[in-house]
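Each residue of the sequence shown is one higher than the one before, starting from 25 at the first, in the numbering used here. From the three backbone atoms N, C-alpha and C, an ideal C-beta is built for every residue, glycine too. Data block below; observations after.
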Amino acid sequence: MLARKNLTRYTNILFTIYIITLLVCSIFFFFRIRVMENTFDSINRTVEVKLNLEKVLSSLRDAETAQRGFLITRDTTFLEHYDEAYQNVFHAIEELRHLTTDQPGQLQNTAQLSDVAKKRFIRLQNTMENDSFLLANRTFKRENLLMGRQVMTEARDLIQKMNGIEDQQLEEQKKRKDSVTELTPLYTLGIFLFSLVVIIICYILMMRRHTAVAGRMQQRKERMTARHD
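Laid out in structure tokens, this is it:
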């Protein structure tokens, strides 16, 4: 009876260790998955920021192309391309604001980029609305174009700066992702081996206890047999 109680007690211990191991593994995997999800979300956000920065720059160039086409031909078709480029620029900037809400530095850069884009469109718009621009002398045109080029250079430099920040963050995020990916199997193996060792130790102790109890019962049985003899 005593041996059966001991066996039941050690079985309960093994079962408890097994349940605890499952809980530890579940909690561990839950947090590792959350870390990986956050890392992938950060990588996706960085990629989206870079895509929108490229969209701003390419749309500004499209607006310049449409402006030149309209000035040369006076074809209103170019105005449609110009309006489309305008909408694309500020839609991308609005996306950048949304994507950089948790990054004060990048959010400030986005606001500055918006100001530069507005400045560029004001200059483009003025030249298209002013018929005298085509009739102006070469010096006036040159100065106007140089000022427009300066604004574009400012926009390009700011976009390059923001891209540099995102590239640095992307590199850090990739390192974090690689670290999580590499260490998770090792941690899992460590937890499994630790649990296996504990279970083996409990099993050995249980078997020793069972053997000892069985031995005492055998001795008691032999003594009782000897008395009857």
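| Asked | Found |
| --- | --- |
| Backbone secondary structure at Arg-98 - three-state DSSP | coil |
| Stretch-stretch touch, CB-based, cutoff 8 Å, three pairs: the stretch 65–76 with the stretch 190–206 | yes |
| Helix, strand or coil at Asp-126 according to DSSP, with G and I counted as helix | coil |
| For Ile-41 and Val-222, believed in contact at Cβ under 8 Å, the rounded distance | 6 Å |
| Straight-line Cα distance separating Lys-142 from Asn-112 | 13 Å |
| Top-ranked residue by Cα proximity to Gln-140, from Glu-153, Gly-129, Met-171 and Met-152 | It should be pointed out that residue 140 corresponds to Val in this sequence rather than to Gln. It is Met-171 whose Cα lies nearest to the Cα of Val-140. |
| Sequence-distant residues of its chain with Cβ nearer than 6 Å to Thr-124 (five each side left out) | Gln-130, Leu-131 and Thr-134 |
| Given 8 Å, three or more beta-carbon pairs between the stretch 105–121 and the stretch 74–93 | yes |
| Top-ranked residue by Cα proximity to Arg-180, from Leu-213, Asn-150, Glu-167 and Arg-144 | Arg-144 |
| Buried versus exposed call for Gln-242 [16 or more other C-beta atoms within 10 Å across all chains shown] | exposed |
| C-alpha gap between Phe-55 and Leu-47, whole angstroms | 12 Å |
| Residues of its chain near Ile-183, where Cβ-Cβ distance is below 6 Å and the 5 sequence neighbours each way are ignored | Leu-77 and Leu-81 |
| Rounded separation between Leu-213 and Phe-39 - CA only | 20 Å |
| Exposure label - Met-186; buried when at least 16 CB within 10 Å | buried |
| Inter-residue Cα distance where the pair is Arg-200 and Phe-52 | 17 Å |
| Contact set for Arg-98: own chain, Cβ-Cβ below 6 Å, skip 5 residues either direction | none |
| Residue from Ile-43, Gln-136 and Asp-65 whose Cα sits closest to the Cα of Leu-194 | Asp-65 |
| Residue burial classification, Gln-174 (beta-carbon count within 10 angstroms, cutoff 16) | exposed |
| His-105 versus Asp-202, Glu-153 and Arg-85, residue with shortest Cα-Cα distance | Arg-85 |
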